[in-house]
Amino acid sequence: MLAQLTAILNDWLYTYILVILLIGAGLYFSIRTRFVQFRLLGEAFRVVREKGDGGVSSFQALMVSTASRVGTGNIAGVSAALCLGGVGAVFWMWVIALLGGASAFVESTLAQIYKVHDGRGGSRGGPAYYIEAAVGSRWLAALFAVLLILTYMVGFNLVASFNLVDSFAGYGFFDSRTPLIAGAALAVVTALCIFGGGKRLTAITGVLVPVMGGAYVLMALVMIVLHLELVSGVLAAIFENAFDFQAIFGGFTGSAMMYGIKRGLFSNEAGVGSAPNAAAAASVSHPVKQGLAQMLSVFIDTLLICSATAFLCLCSGVEPDAALKGVPYVQAALAGTFGGFGRWFVTGAMLLFAFTTILGNYYYCESNFQYLLRRDAKRWELAVFRLAAVYIVFLGARMDFSLVWDMADVLMGCMALINLPVIWKLAEPVLAALRDYLVQKKQGKDPAFRAADIGLEGQTDFWN
Numbered sequence: 002m003l004a005q006l007t008a009i010l011n012d013w014l015y016t017y018i019l020v021i022l023l024i025g026a027g028l029y030f031s032i033r034t035r036f037v038q039f040r041l042l043g044e045a046f047r048v049v050r051e052k053g054d055g056g057v058s059s060f061q062a063l064m065v066s067t068a069s070r071v072g073t074g075n076i077a078g079v080s081a082a083l084c085l086g087g088v089g090a091v092f093w094m095w096v097i098a099l100l101g102g103a104s105a106f107v108e109s110t111l112a113q114i115y116k117v118h119d120g121r122g123g124s125r126g127g128p129a130y131y132i133e134a135a136v137g138s139r140w141l142a143a144l145f146a147v148l149l150i151l152t153y154m155v156g157f158n159l160v161a162s163f164n165l166v167d168s169f170a171g172y173g174f175f176d177s178r179t180p181l182i183a184g185a186a187l188a189v190v191t192a193l194c195i196f197g198g199g200k201r202l203t204a205i206t207g208v209l210v211p212v213m214g215g216a217y218v219l220m221a222l223v224m225i226v227l228h229l230e231l232v233s234g235v236l237a238a239i240f241e242n243a244f245d246f247q248a249i250f251g252g253f254t255g256s257a258m259m260y261g262i263k264r265g266l267f268s269n270e271a272g273v274g275s276a277p278n279a280a281a282a283a284s285v286s287h288p289v290k291q292g293l294a295q296m297l298s299v300f301i302d303t304l305l306i307c308s309a310t311a312f313l314c315l316c317s318g319v320e321p322d323a324a325l326k327g328v329p330y331v332q333a334a335l336a337g338t339f340g341g342f343g344r345w346f347v348t349g350a351m352l353l354f355a356f357t358t359i360l361g362n363y364y365y366c367e368s369n370f371q372y373l374l375r376r377d378a379k380r381w382e383l384a385v386f387r388l389a390a391v392y393i394v395f396l397g398a399r400m401d402f403s404l405v406w407d408m409a410d411v412l413m414g415c416m417a418l419i420n421l422p423v424i425w426k427l428a429e430p431v432l433a434a435l436r437d438y439l440v441q442k443k444q445g446k447d448p449a450f451r452a453a454d455i456g457l458e459g460q461t462d463f464w465n
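With the sequence shown counted from 1, adding 1 to any position gets you my numbering.
The following block contains the structure:
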C-alpha cells in the first residue's frame, strides 16, 4: 500500500507539478537575469579558476555539487530515456539544462549572500539558512533541512551504495558474500573521506570528478571519431524526433519530450535546493561569482556527461530498444566497438559516479545538521552523524531499496516545493547583487561585495 501510494505521488510530482514549476522558474529567472547563463558564460569560466583566500575555492565547491549531480543516472537514466522515449529526448535534456542554469545561478548566489561563519574560519549555508534569514520562518527552514538529510544522506546514499555494488552483479565472481564484502570496503573508504571533514571532501572530489568526467567524455569522443559517418544521422534524428508533435501529443507522458524533460530535471537538480549547500562554502569576494560557477555544474552534468552517454550509445550503431533500457544499452554499445573492455569501462564509470555521489550528498547534509543544532556541532556530535552516514552506506550495499528510492524522489520533490517559491520571492537581492557585480566589472575592478550596497546592511552574517 505504501509503495503504491509513493509511486502515485512520485508520478504526479515529476510528471506534472514539478515539471511545470521547474521549467517556469527557469524561464522566469532567465528573463529576469537577462539570460545570465548565456551572456556571462565566459565570466563563469574565468571566476571558477580563481584561487580564493585559503578556504574552499570556487572550483572545489563546484566539484562537490557536480559530484552529487553526476551519478549513475547520467548513464542508466539517459539510456532509459533513449530506449523508452526516443532519441529526441536528448534535445529536451539540453533545453532543460539551458533554462536550469538561471535557476542554479539564483539559488547559489542567495546561498552566498546569506551564508554564515562556521567557527573554523570558513562558511556554511544553503536554503535552510536563507529561508530563516530572509523569509523569517524557522520552522520552514528546519523542515527543509530535515527533508534534505532524509533525501540525500539516507535515501539517495542507500540507493547509490546499492547501485555501486550491483554494478558487479553480471560478473562470474559475484555471489552472496560480494555485497557484504563490497559494502564493508565502501563504508571504510567513505569513512576515511568524510571523517577528514569538509576540506578533505572538497580535495577528493576536486580530483575525482574532473578525472571521472574527463575519462567518460573522452570515451564518448573516441566512439564519435570511430563512427564519424553516423554523427550527421544521429543529430538529424535527435531534432526530427524532438519535434514529432504527433507522437508528443498522442502520448505525452511517454514521449521523447517528457522523457527528456524529466531526465534533465532529475539530473541537474537546478532549483531543488541541493547545490546551494556546497555553493555557500566557497570563499569568494562576491556572491555572484559562485552563482556563475554553479551554473557550470548544470552544464557539466547535462550538456557534457548526459550528452556523452547519448552520443556514446547512438554513435555505436546499436539501436535503442526498450529491452536494453538502462546500463545494458550502454554496455552493448561499448562492447560492440571495444569488446570486453567496454563492459569493464561502464562498470568503472558506475563505480566512480556512485562513489562521488555519496561524498557530494553527505557534504550537503553536514551543514544542515549543524543548522538544526543552531550552532557548530561538537566533535562527538559530528562523529555520531558521520558514523550514521557510513552505516547507511554499508546497509545500502546489501539491499535493493526500490521503495526508499521512490520515497527519496518524493522528499526531493518536497524540497523543490519549498525552495522554488522562496527563491522566487528572494529574486530581488540576487538581481541587485548581479547589477552591483556588473557595475564593478565595468569600472575595471575585481568585484567585492558589501551587503549595504544592495540594502542588506546588518541582515547578513557575512559581507558587512
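Note that the Cβ used here is the ideal one computed from N, Cα and C, for glycine as well.
Item to check | Beta-carbon gap between Leu28 and Leu427 smaller than 7 angstroms | outcome: With a cutoff of 7 angstroms on beta-carbon distance, Leu28 and Leu427 are scored as not near each other.
Item to check | Spatially closest choice to Thr348 from Gly361, Thr338, Gly337 and Val331, by CA coordinates | outcome: Answer by Cα proximity: Val331.
Checklist entry - Contact check, Ala409 vs Phe46 under 8 angstroms by CB: the rounded distance? => result Not quite, the Cβ-Cβ distance comes to about 33 angstroms (not below 8 angstroms), so this is no contact.
Next on the checklist: With H, G and I counted as helix, E and B as strand and the rest as coil, what does DSSP make of Arg139?
Outcome noted: Reduced to three states, the DSSP call for Arg139 is helix.
Next on the checklist: Please state the DSSP three-state secondary structure of Val394.
Outcome noted: When DSSP states are grouped into helix, strand and coil, Val394 belongs to the helix group.
Checklist entry - What are the boundary residues of the alpha helix (DSSP H) that Trp93 is part of? => result That run of the alpha helix (DSSP H) goes Ala90 to Ile114.
Checklist entry - Are there 16 or more other CB atoms within 10 angstroms of the CB of Tyr217, so buried, or fewer, so exposed? => result Counting Cβ neighbours within 10 Å, Tyr217 comes out buried, since at least 16 surround it.
Next on the checklist: Report the CB separation of Lys116 from Ser124 in whole angstroms; it is logged as a contact under 8 angstroms.
Outcome noted: Contact between Lys116 and Ser124 holds: CB atoms are separated by about 4 angstroms, below the 8 angstroms threshold.
Next on the checklist: When you compare the region 119–137 with the region 308–327, are there three or more beta-carbon pairs, one atom per stretch, that lie closer than 8 angstroms?
Outcome noted: These segments do not touch.
Checklist entry - Thinking just about the alpha-carbon of each residue, which of Ala355, Val88, Leu293 and Glu108 is nearest to the one in Gly214? => result Comparing Cα positions, the closest option is Ala355.
Checklist entry - Which same chain residues, not among the five before or five after Ala323, have their C-beta less than 7 angstroms away from its C-beta? => result These residues qualify, in order along the chain: Cys84 and Leu85.
Checklist entry - Can you list, in chain order, the residues of its chain whose CB lies under 7 angstroms from that of Lys52, leaving out five sequence neighbours each side? => result Residues Ser58 of the same chain have their beta carbon placed closer than 7 angstroms to that of Lys52, with the five preceding and five following residues left out of the count.
Item to check | Where the alpha helix (DSSP H) containing Tyr15 begins and where it ends | outcome: Per DSSP, Tyr15 is not a residue of any alpha helix (DSSP H), being assigned neither H nor E.
Next on the checklist: Taking the alpha carbon of Leu165 as the reference point, which residue from Val48, Leu41 and Ala183 has its own alpha carbon closest?
Outcome noted: Looking at Val48, Leu41 and Ala183, the one whose alpha-carbon comes closest to that of Leu165 is Ala183.
Next on the checklist: So, for Phe386: in the same chain, excluding its five sequence neighbours on each side, which residues have a beta-carbon less than 6 angstroms away from its beta-carbon?
Outcome noted: Correct list, in chain order: Phe370.
Item to check | Three-state secondary structure (DSSP) of Ala324 | outcome: Ala324: helix per DSSP, three-state reduction.
Item to check | Endpoints, the alpha helix (DSSP H) within which Pro430 is located | outcome: Taken as a continuous stretch (DSSP letters only), the alpha helix (DSSP H) holding Pro430 covers Ala428 to Lys443.
Checklist entry - Considering Cys316, what are the terminal residues of the alpha helix (DSSP H) in which it resides? => result Here Cys316 belongs to no alpha helix (DSSP H), and DSSP marks it neither H nor E.
Next on the checklist: For Ala186 and Ser66, what's the separation of their Cα atoms in angstroms?
Outcome noted: Roughly 24 angstroms separates the two Cα atoms.
Checklist entry - Does the separation of the CB atoms of Val319 and Ala333 fall below 7 angstroms? => result In contact: Val319 and Ala333 (Cβ atoms closer than 7 angstroms).
Next on the checklist: Taking the straight line between their C-alpha atoms, what separation do you get for Glu93 and Ile359?
Outcome noted: Note on identity: in this sequence residue 93 is Trp, with Glu being the wrong assignment. Between the alpha carbons of Trp93 and Ile359 lies a distance of about 27 angstroms.
Checklist entry - Can you tell me whether DSSP reads Val57 as helix, strand or coil? => result In this structure, Val57 counts as strand in the three-state DSSP scheme.
Checklist entry - So does the region 285–302 actually touch the region 35–46, counting three or more Cβ pairs closer than 8 angstroms? => result With a cut-off of 8 angstroms, the region 35–46 and the region 285–302 count as touching, because enough Cβ pairs lie within range.
Item to check | 6 angstroms Cβ shell around Leu148 - same chain, five flanking residues per side excluded | outcome: Same-chain partners within the cutoff: Leu412, Cys415 and Met416.
Next on the checklist: Quick check: what's the CA-CA separation for Ser162 versus Pro180?
Outcome noted: Roughly 10 angstroms separates the two Cα atoms.
Item to check | Burial state of Phe395, where buried means 16 or more other Cβ atoms lie within 10 Å | outcome: Its Cβ being crowded by 16 or more others within 10 Å, Phe395 is buried.
Checklist entry - When burial is assigned at 16 or more other CB atoms within 10 Å of the CB, is Arg264 buried or exposed? => result With a threshold of 16 other beta carbon atoms within 10 Å, Arg264 meets it and is buried.
Checklist entry - Can you name the start and end residues of the alpha helix (DSSP H) that Ala84 belongs to? => result With the sequence shown as reference, residue 84 is identified as Cys, and Ala is not the correct amino acid for it. Start and end: Ala77 to Gly86.
Checklist entry - Going straight from the alpha carbon of Pro448 to that of Val285, what length do you get? => result Straight-line Cα distance between these residues: approximately 10 angstroms.
Next on the checklist: According to DSSP, is Arg344 part of a helix, a strand, or is it coil?
Outcome noted: Helix at Arg344.
Item to check | Integer-rounded CB distance, given that Ala77 should sit under 8 angstroms from Val328 | outcome: Contact between Val328 and Ala77 holds: CB atoms are separated by about 5 angstroms, below the 8 angstroms threshold.
Item to check | 6 angstroms CB neighbourhood of Gly361 in its chain, flanking five on each side removed | outcome: Answer for Gly361: Val65, Ala68 and Ser69, listed in chain order.
Checklist entry - Could you give the distance in angstroms between the alpha-carbon of Ser233 and the alpha-carbon of Gly137? => result Roughly 54 angstroms between the two C-alpha positions.
Next on the checklist: Here's a check: name, in chain order, each residue in its chain whose Cβ is nearer than 7 angstroms to the Cβ of Lys442, leaving out the five neighbours to either side.
Outcome noted: Cβ neighbours of Lys442 beyond the five flanking positions: Pro448.
Checklist entry - Considering only the beta carbon of each residue, do Thr357 and Leu202 sit closer than 7 angstroms? => result In this structure, Thr357 keeps its C-beta atom at 7 angstroms or more from the C-beta atom of Leu202.
Next on the checklist: What would DSSP say about Gly252, mapped onto helix, strand or coil?
Outcome noted: Only weak support exists for where Gly252 lies, its pLDDT of 47 falling under 50; the coordinates are left without a value.
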